[in-house]
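Trainee: When we follow our numbering, the leftmost residue of the sequence shown carries the number 4, and every step to the right adds one.
Backbone N, C-alpha and C define an ideal beta-carbon position, used for all residues, glycine too.
Treat the numbers as computed from the prediction; the structure is a model and nothing was measured.
Take a look at this one; I'll ask things after.
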Amino acid sequence: MDYALIWYALIGLAVLIYVVLDGFDLGIGILFLSGHSDQERDLMMNSIAPVWDGNETWLVLGGGGLFAVFPLAYAVVMPALYAPIIIMLLGLILRGVSFEYRFRTQRGRFLWDSAFFIGSLTAALMQGIMLGTLLQGIAVDGRAYAGGWFDWVSPFTLFCGFALICAYILLGACWLLIKLPNDLMARYYTIARRWGVALVASIFVVSLWLPLSNALVFERWFGSANSLLFFVIPVLAAVIIWQLFKALLDHRALRAYLLGIGLFLVSALGFGVSTFPYLVPFALTFREVAAPDKSLAFLLAGAAILLPLIIAYTAYSYWVFRGKLKHDEGYH
């Protein structure tokens, strides 16, 4: 068995599931201050209260799995991303604390509302910047990071941060359309359409920016024998985008949310085409940074037991708390 390839796929899957699941609650956090009343903001927070901390399980799995199965990649990538990772974690801590405290105070609630917004925006921005840093490539000398402290700050990485914020807001608005009472839904269709347009424009810009600035990616998309096959991805993206906006115009909330997830999946497929087989783009492949096969096989046996359990309790929690919220019910 090719254990390194299996773990490459599993780590990618864990990160993708985290982005999809935690994406909508980060998006709701970014939209939080736009709520028209304390009651509406209560419902916004209650829509994610049962699941938000479970969603972050996948972030731990992705980061911990990278350390365990691709230790060299962890050793190279972490120094390149220390600053944005620390800032992201501080943002996640801030929003986690605000979850608990905003329901315990009336006089200072506006402070915790602001903290929830700032923490969510900060975490989303840093995640996008980290994605952009990986896409633009990491400087490596031999088996060590060779770049500077602020290599993660560039026009491209900042634009990727904005693009991910747009994506999270779209998912968050679609989630609110599913969960909020009918009398509060209407304006979120407008919000989802506006930020959906911003996301589509951002995807288009990144799709041009990346190959024009990276010869290896340009060759992969336009010069390889598989180029025509790869162009199925933008065609599929166009179909999903068309169906997404059609669902929003037809007021079909669940369909719009699922199509938003589909757009994430297609974007992830494009990321994979651009960077495979590199785990440290564009310097070290996943085989070069993998742990010994015996270690990978041992860890895979544990993952075969734990992953179905994590998926099962995640699915169960979403099933138990399915359906629309009612006024004056939820997390207190």
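1. In three-state terms, what does DSSP make of Leu261?
2. Using 8 Å as the cut-off, can you tell me whether the stretch 170 to 183 makes contact with the stretch 263 to 277, which would need three or more C-beta pairs spanning the two stretches below that distance?
3. Applying the criterion that 16 or more other CB atoms from any shown protein chain within 10 Å of the CB defines a buried residue, is Pro280 buried or exposed?
4. Between which two residues does the alpha helix (DSSP H) carrying Val283 extend?
5. Terminal residues of the continuous alpha helix (DSSP H) containing Glu103?
6. Would you mind reading off the limits of the alpha helix (DSSP H) that contains Ser205?
7. Can you list, in chain order, the residues of its chain whose CB lies under 6 Å from that of Gln139, leaving out five sequence neighbours each side?
8. Expressed to the nearest angstrom, what Euclidean distance is found between the alpha-carbon atoms of Ala134 and Gly164?
9. Do Ala127 and Leu19 count as a contact pair if the criterion is CB distance below 9 Å?
10. Should Ala7 and Leu299 be called a contact, given that it needs their Cβ atoms to be closer than 9 Å?
11. Just how far apart, CA to CA, sit Pro53 and Val269?
12. Can you tell me whether Pro295 is buried or exposed, with buried defined as 16 or more other CB within 10 angstroms of its CB?
13. Relative to the C-alpha of Phe285, which residue among Leu46, Tyr319 and Arg146 is closest?
14. What does DSSP give as the partner residue(s) for Leu309 in the beta ladder?
15. Here's the rule I'm using: 16 or more other beta-carbon atoms within 10 Å means buried, otherwise exposed. How should Ala256 be labelled?
16. Please report how far the alpha carbon of Trp178 lies from the alpha carbon of Met48, in whole angstroms.
17. Would you please state the rounded distance, in angstroms, between the beta carbons of Leu13 and Gly68? I believe it to be under 8 Å.
Mentor: Short version:
1. In the structure shown, Leu261 sits in a helix (DSSP, three-state: H, G or I).
2. Yes: at least three Cβ pairs fall under 8 Å.
3. Result: exposed.
4. Premise fails: Val283 lies in the beta strand (DSSP E), Tyr281 to Val283, not in any alpha helix (DSSP H).
5. Element bounds for Glu103: Pro74 to Tyr104.
6. Taken as a continuous stretch (DSSP letters only), the alpha helix (DSSP H) holding Ser205 covers Ala189 to Ser216.
7. Shown here for Gln139: same chain residues with a beta carbon closer than 6 Å to its own, the five before and five after excluded, namely Phe159 in chain order.
8. One point to set straight first is that residue 134 is Leu, not Ala, in the sequence displayed. Roughly 8 Å separates the two Cα atoms.
9. Judged by beta-carbon spacing, Ala127 lies beyond the 9 Å limit of Leu19, meaning their Cβ atoms are not closer than that value.
10. Less than 9 Å divides the Cβ of Ala7 from the Cβ of Leu299.
11. Roughly 28 Å separates the two Cα atoms.
12. The residue in question, Pro295, is exposed, as its Cβ has fewer than 16 Cβ neighbours within 10 Å.
13. The shortest C-alpha separation from Phe285 is found at Arg146.
14. Answer is none; Leu309 lacks a bridge partner.
15. Burial is judged here by how many other beta carbons sit within 10 angstroms of a residue's own beta carbon; Ala256 has at least 16 and is buried.
16. Across the structure, Trp178 and Met48 are spaced so that their CA atoms are roughly 12 Å apart.
17. About 7 Å separates the two Cβ atoms, so the contact holds.
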